[in-house]
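Below: the structure, in structure tokens.
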Amino acid sequence: MTLFAKFDGLAQAIDQLRADGGRNPFGVVIERPVSSTVGVIEGRETLLFGTNNYLGLSQYAPSIEAAAAAARSMGVGTTGSRIANGTFGLHRELEQRIAAFFRRRDAMVFSTGYQANLGTISTLAGKDDYLLLDADSHASIYDGSRLGYAQVVRFRHNDPDDLHKRLRRLDGTPGAKLVVVEGIYSMMGDIAPMAEFAAVKRETGAWLLADEAHSVGVIGEHGRGVAERDGVEADIDFVVGTFSKSLGTVGGYCVSDHPEMDLLRLCSRPYMFTASLPPEIIAATMAALVELEHRPELRTALMGNAQRLHSGLVRAGLTTGPAVSPVVAVVLDDVAQAVAYWNRLLDLGVYVNLSLPPATPNQNPLLRSSVMATHTPAQIDTAVEAFAQAARDVGVLPA
Ligand code: PMP
5 MTLFAKFDGL AQAIDQLRAD GGRNPFGVVI ERPVSSTVGV IEGRETLLFG
55 TNNYLGLSQY APSIEAAAAA ARSMGVGTTG SRIANGTFGL HRELEQRIAA
105 FFRRRDAMVF STGYQANLGT ISTLAGKDDY LLLDADSHAS IYDGSRLGYA
155 QVVRFRHNDP DDLHKRLRRL DGTPGAKLVV VEGIYSMMGD IAPMAEFAAV
205 KRETGAWLLA DEAHSVGVIG EHGRGVAERD GVEADIDFVV GTFSKSLGTV
255 GGYCVSDHPE MDLLRLCSRP YMFTASLPPE IIAATMAALV ELEHRPELRT
305 ALMGNAQRLH SGLVRAGLTT GPAVSPVVAV VLDDVAQAVA YWNRLLDLGV
355 YVNLSLPPAT PNQNPLLRSS VMATHTPAQI DTAVEAFAQA ARDVGVLPA
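In this note's numbering, the protein residues as written are 5 to 403.
Here it is in structure tokens:
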């Protein structure tokens, strides 16, 4: 028996996806970014509509300069974990800046957003505790539940009544109850009814963690996410986020007002047993944070662009999610058709993400776009036209 026998089904599925000479949708190479909105793919300049680079800050000149200066003065790596040789003054400074941005007492910075969820959730919810997870939770949230051995109760996606019912059923059981929701969901771009979740939390005495990976820098007057927009930040015990989307770099964090937060640093395996962020990334992230804080017009532009893409696709006759947010998904029924559609769109010079079941809500294949503040109206209109053209070419819309 080979170790790889269990992947036979996967190999067949990939072959099937590539039938008719199509690409491997999970093997796209961006040979070179030209700007935040254009990259070279297959030797051609291609419009980027699938990068989560919401404010375009991966290409922000002051971040680039700050990274170069930090690398020159401090080197390119820490070669160690946060609890050994991997905490520089810069890590502390970044944590203070993140805590101040969220107006929280404490921030813990992790090497990725994935690890921030993994390290926070697995440490907070142990084997005697209950984790109440939205059914559409990100993989990092599910993986955190496994690493901590918590008892997992799933509730219906974005359904505070279902959460309430399930918490009531746990009345009288020992163990703390930690509810985890996301601000904006990464596949469909739908937004959590955060005020209602906060009300359930208050009523039941549960703890509440909000993963605002896709909403920080995007939503809220100061860009602090859906909880800020809905005026319920005081009810969120823990906010988890990432530097890899609106801030354009890499890394993750958890912020909280709970005074015991510092103890997590000595219990959280994904924090302790991996190398810390390198200095150049921290320097770039701090430069991007200044831009995020001082340019609220970026969020206005982003939302305007989201609206333009969403309404353009709807006008073209395509089915999208209901919410207007920077994640805009075209919802399809048939996987083979979705794959053909995605290939055709790339032929026409527009890169989006192909998301397939079982990773998608309701088992629908999706063409998932993420919009940026830096897209021009003309780029969005070009993308809408390409979406419509490709849809006609592959039979999603009548020719
Ligand atoms: N949470 C959510 C909701 C996400 O969508 C992602 C990334 N797609 C993460 C966490 C992990 O973040 P990162 O990619 O920065 O590790």
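Note that beta-carbon positions come from the ideal geometry of N, C-alpha and C, so glycine has one too.
Determine the burial state of residue i: buried for a count of at least 16 other Cβ atoms within 10 Å of its Cβ, exposed for fewer.
i	result
T378	buried
R108	buried
C258	buried
D140	buried
R76	exposed
R206	exposed
V80	exposed
G90	buried
F8	exposed
F277	exposed
V33	exposed
Q100	exposed
Q20	exposed
R170	buried
G31	exposed
Once DSSP output is grouped into helix, strand and coil, what is the label at residue i?
i	result
M112	strand
A23	helix
V354	strand
T50	strand
D138	strand
L174	coil
Y257	strand
K181	strand
F247	coil
G227	coil
V388	helix
V44	strand
V157	strand
A363	coil
Let me see if you follow: with CB-CB separation under 8 Å, is residue i close to chain B or not?
i	result
L251	In the displayed structure, chain B is absent; only one protein chain is listed.
Which same chain residues, not among the five before or five after residue i, have their C-beta less than 7 Å away from its C-beta?
i	result
L251	L61, G221, T289, A292, L293, L296
H161	D138, A139, D140, P365
F114	A120, G123, G255, G256, Y257, P274, Y275
V156	L135, L137, S149
R22	N28
E232	G224, E225, H226
R48	G353
Which partner residues does residue i have in the DSSP bridge list?
i	result
E295	Note: E295 sits in no beta bridge, so no partner.
A333	R372
A279	S85
T324	V334
L212	V183
F11	According to DSSP, which records beta bridges pairwise, F11 is partnered with nothing at all.
P37	G43
Is the separation between the beta-carbon of residue i and that of residue j shorter than 8 Å?
i	j	result
L167	F201	yes
I188	V331	yes
T380	L51	no
L59	M191	no
S329	A342	no
G325	V339	no
H262	D241	yes
A111	I102	yes
E283	A74	At residue 283 the sequence reads Pro, which differs from the Glu that was named. Yes. Within cutoff.
L151	L182	no
C271	T116	no
G26	N347	yes
D215	V236	no
Ordered along the chain, which non-local residues of its own chain (more than five positions away) have a Cβ less than 6 Å from that of residue i?
i	result
Y153	K131
V204	P164, L167, H168
I286	L94, L98
G316	V388
D194	G325, A327
So, for residue i: in the same chain, excluding its five sequence neighbours on each side, which residues have a beta-carbon less than 8 Å away from its beta-carbon?
i	result
A320	V388, F391, A392, A395, L401
G54	Y355, V356, N357, R372, S373, S374
H443	Residue 443 cannot be examined here, being either before or after the span of the chain that is shown, 5 to 403.
V398	Q341, A344, Y345, R348
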